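A.B. asks: I'd like to ask you about the structure that follows.
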Amino acid sequence: MIDRRNIDRWLVIGVAVLITCAMGFLSVHAWNMGQRRVDAADAELERVQQMLRMRLDGLVHELVEDLLAEAEAVQEVDSLRPSELVLRWRPLLMSHWPIMAVRLGDEQGNEVAFERTAQDFRMMLTSEGSKHGPVIMAQVPTDPTHGALDGLWISDEVNDPREQGWFSKALEEARNEPAWGLEFASDTGRTVLQLSTLIRSRRPELPYRIMAIDVDVSRSGWLETKASPLRQYGLLLLDGSGHVLEFPHGSNTFGSSAVLEEVTSAWVQERARWPFSVEQGSREYRAFVAPYILNGLTLHAGVVLDMDALTGGARTETMLVVVMILLLLLLAFLLGWLWLRKRQDDERVRRQVRRSRTQERKLAKALGEREVLNREVHHRVKNNLQI
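Heads up: the sequence shown begins at 486 in our numbering, then just goes up one per residue.
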């Protein structure tokens, strides 16, 4: 016959083991939530990195196409006459807001530069590396109906395009493809990108030319993020030394610029190639800076994520885990209490059974003694009657 007490005991042990395993699993789950939060942030940073790189690819492709088109036109005209170049470069700068300047120099030190100013444009003419005199400047109005040039004067500057970085960058390029470089613009106080390419003359007696454009990425629509999913992230574009190339004004609604400065400083010190964390006050941020390789130049694109942006789902998950642990603790308490009550009831029943058995034995003994006494009395009465 099956012992009911053994069955009850094993049921209690089985339930206790199940509750203990469930609580252990939930505890491990809660312990690993911090790491899973970091893993989720890293996956989000990877996704945002891809979005940012797609925009940078679009910007780079557009600028390369513009430069090659202008270089082809210069090769077709095969001339450095300012009047002809103004007809092409003024519409170019009018329609391409990020382009700040177009430069065209040759191996003899001649250069024609067309730059954007606060109000209109400015043309600078250099002859043979300023060997015979300083740079000649001319003001160019934005309205073509006002003529090609609005003023002409001799400046105090001397210039030799062959000593400029954009000139040597194009010559160093062995594949004859547009090459990238960086230049600090003293008039705007910003670091600009320079894209240059070599133009070979179709007549061997004429010198080769180098054409370059200056690009301010803070004016590019490709990096405008006000109406895109990138607006909630911190975005960085750095050169190899950690200097920041600014994004369009107002596109980075991430928050305090101190966070981006902290990320930049941490990256410059560690040069981490994987996501890393920084703290600003009581808030934690996760950042990822990855190289963005151009022809002749390596930039570093960075994205920053506020870890509190991931706490919405994490808080819900934490609340669920805590509630489940509390419910399991309550269930374990109730089962333990019921088990103790059952043991007390069983012990009470056993005591009652023992008491009843003792009383039965005493009653049986008393009845036996009474029976013996009755027989003895009956025997004596019978003897007395016989006498």
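Backbone N, C-alpha and C fix where the C-beta goes; we use that ideal spot for every residue, glycine too. All values derive from a computational prediction rather than experimental measurement.
Ignoring anything shorter than 3 residues, give me the beta strand (DSSP E) runs that lie fully in the segment 586-622, in order along the chain.
C.D. replies: Counting only runs of 3 or more, we get 596-601, 606-611.
A.B. asks: Should the segment 531-545 be regarded as contacting the segment 697-710, the criterion being three or more beta carbon pairs within less than 8 Å?
C.D. replies: The segment 531-545, when compared against the segment 697-710, does touch it at the 8 Å Cβ threshold.
A.B. asks: Write down the C-beta distance between residue 534 and residue 732 rounded to the nearest angstrom, noting that I regard them as a contact closer than 8 Å.
C.D. replies: Against the sequence shown, residue 534 aligns to sequence position 49. Against the sequence shown, residue 732 aligns to sequence position 247. About 15 Å; that fails the 8 Å criterion.
A.B. asks: When you compare the CB positions of residue 607 and residue 600, do they come within less than 7 Å of one another, or not?
C.D. replies: Stepping through the sequence shown from its first residue, residue 607 is reached at position 122. Stepping through the sequence shown from its first residue, residue 600 is reached at position 115. Against a cut-off of 7 Å, the Cβ pair of residue 600 and residue 607 comes out as a contact.
A.B. asks: Using a threshold of 7 Å, state whether the C-beta atoms of residue 784 and residue 530 are closer than that.
C.D. replies: Position 299 of the sequence shown, counting from 1, holds the residue named residue 784. Position 45 of the sequence shown, counting from 1, holds the residue named residue 530. No, Cβ-Cβ distance for residue 784 and residue 530 is not below 7 Å.
A.B. asks: Do you know offhand how far residue 636's Cα is from residue 532's?
C.D. replies: Here residue 636 refers to the residue found at position 151 when the sequence shown is read from its first residue. Here residue 532 refers to the residue found at position 47 when the sequence shown is read from its first residue. About 51 Å.
A.B. asks: Skipping 5 residues on each side, what residues in its chain have a beta carbon closer than 8 Å to that of residue 857?
C.D. replies: Residue mapping note: residue 857 aligns to position 372 of the sequence shown, counting from 1. Nothing meets the Cβ criterion.
A.B. asks: If you follow the beta strand (DSSP E) that residue 767 is part of, which residue opens it and which one closes it?
C.D. replies: The sequence position of residue 767 within the sequence shown is 282, counting from 1. No beta strand (DSSP E) holds residue 767; DSSP gives it neither H nor E.
A.B. asks: Among 703, 871, 822, which one has its Cα closest to the Cα of residue 582?
C.D. replies: Counting from 1 along the sequence shown, the entry for residue 582 is found at position 97. Cα-wise, what sits closest to residue 582 is 703.
A.B. asks: For residue 730, tell me which candidate among 675, 698, 506 has the shortest Cα-Cα distance.
C.D. replies: For the purposes of this step, residue 730 is identified with residue 245 of the sequence shown, where counting begins at 1. Among 675, 698, 506, the Cα nearest to that of residue 730 is on 675.
A.B. asks: Apart from the five residues just before and just after residue 652, which ones in its own chain have a Cβ nearer than 8 Å to its Cβ?
C.D. replies: For this step, residue 652 is matched to residue 167 along the sequence shown. Closer than 8 Å at Cβ, skipping near neighbours: 590, 646, 681, 695, 697.
A.B. asks: Give me the DSSP bridge partner(s) of residue 839.
C.D. replies: In the sequence shown, counting from the first residue as 1, residue 839 sits at position 354. Note: residue 839 sits in no beta bridge, so no partner.
A.B. asks: When you compare the CB positions of residue 780 and residue 659, do they come within less than 7 Å of one another, or not?
C.D. replies: Counted from its first residue, the sequence shown places residue 780 at position 295. Counted from its first residue, the sequence shown places residue 659 at position 174. In this structure, residue 659 does not lie closer than 7 Å to residue 780 by Cβ.
A.B. asks: Can you check DSSP and say which residues form a bridge with residue 832?
C.D. replies: The residue labelled residue 832 in the question sits at position 347 within the sequence shown. Beta-bridge pairing links residue 832 to no other residue.
A.B. asks: Can you look up residue 801 in the DSSP assignment and give me helix, strand or coil?
C.D. replies: Along the sequence shown, one-based indexing puts residue 801 at 316. Residue 801: helix per DSSP, three-state reduction.
A.B. asks: Going straight from the alpha carbon of residue 859 to that of residue 845, what length do you get?
C.D. replies: Position 374 of the sequence shown holds residue 859. Position 360 of the sequence shown holds residue 845. Distance between the alpha carbons of residue 859 and residue 845: 20 Å.
A.B. asks: Using the DSSP secondary-structure output, state which residues sit across from residue 777 in a beta bridge.
C.D. replies: Position 292 of the sequence shown, counted from the start, is the residue given in the question as residue 777. Its beta-bridge partners are 784.
A.B. asks: Does DSSP classify residue 531 as helix, strand or coil?
C.D. replies: Counting from 1 along the sequence shown, the entry for residue 531 is found at position 46. Residue 531: helix per DSSP, three-state reduction.
A.B. asks: Please state the DSSP three-state secondary structure of residue 791.
C.D. replies: Within the sequence shown, residue 791 is the residue found at index 306, counting from 1. Strand, per DSSP.
A.B. asks: Leaving out five residues before and five after residue 579 in sequence, what residues of the same chain have Cβ atoms less than 8 Å from its Cβ?
C.D. replies: For the purposes of this step, residue 579 is identified with residue 94 of the sequence shown, where counting begins at 1. 627.
A.B. asks: Quick one: is residue 575 buried, meaning 16 or more other Cβ sit within 10 Å of its Cβ, or exposed?
C.D. replies: Along the sequence shown, one-based indexing puts residue 575 at 90. Its Cβ being crowded by 16 or more others within 10 Å, residue 575 is buried.
A.B. asks: According to the neighbour-count rule (16 or more other Cβ atoms, all chains shown, within 10 Å of its Cβ), is residue 486 buried or exposed?
C.D. replies: Residue mapping note: residue 486 aligns to position 1 of the sequence shown, counting from 1. Low confidence applies to residue 486: its pLDDT is 44, below 50, so where it sits in the model is not reliable, and the reading given next is rough at best. When all chains shown are included, residue 486 counts as exposed.
A.B. asks: Considering Cα atoms alone, identify which of 746, 840, 831, 793 is closest to residue 767.
C.D. replies: As a working note, residue 767 is residue 282 in the sequence shown. Of 746, 840, 831, 793, the residue nearest in Cα terms is 793.
A.B. asks: Would you report the Cα separation of residue 838 and residue 808, rounded to the nearest angstrom?
C.D. replies: The residue given as residue 838 occupies position 353 in the sequence shown. The residue given as residue 808 occupies position 323 in the sequence shown. So the alpha carbons of these two residues sit roughly 44 Å apart.
A.B. asks: Does the distance from the C-beta atom of residue 587 to that of residue 619 stay below 7 Å?
C.D. replies: Here residue 587 is taken as the residue at index 102 of the sequence shown, counted from 1. Here residue 619 is taken as the residue at index 134 of the sequence shown, counted from 1. Their beta carbons are not under 7 Å apart, which means residue 587 does not touch residue 619 by this criterion.
A.B. asks: Per DSSP, which residues does residue 820 bridge with? Please list them.
C.D. replies: Walking along the sequence shown from the start, residue 820 turns up at place 335. Residue 820 pairs with nothing; no bridge assigned.
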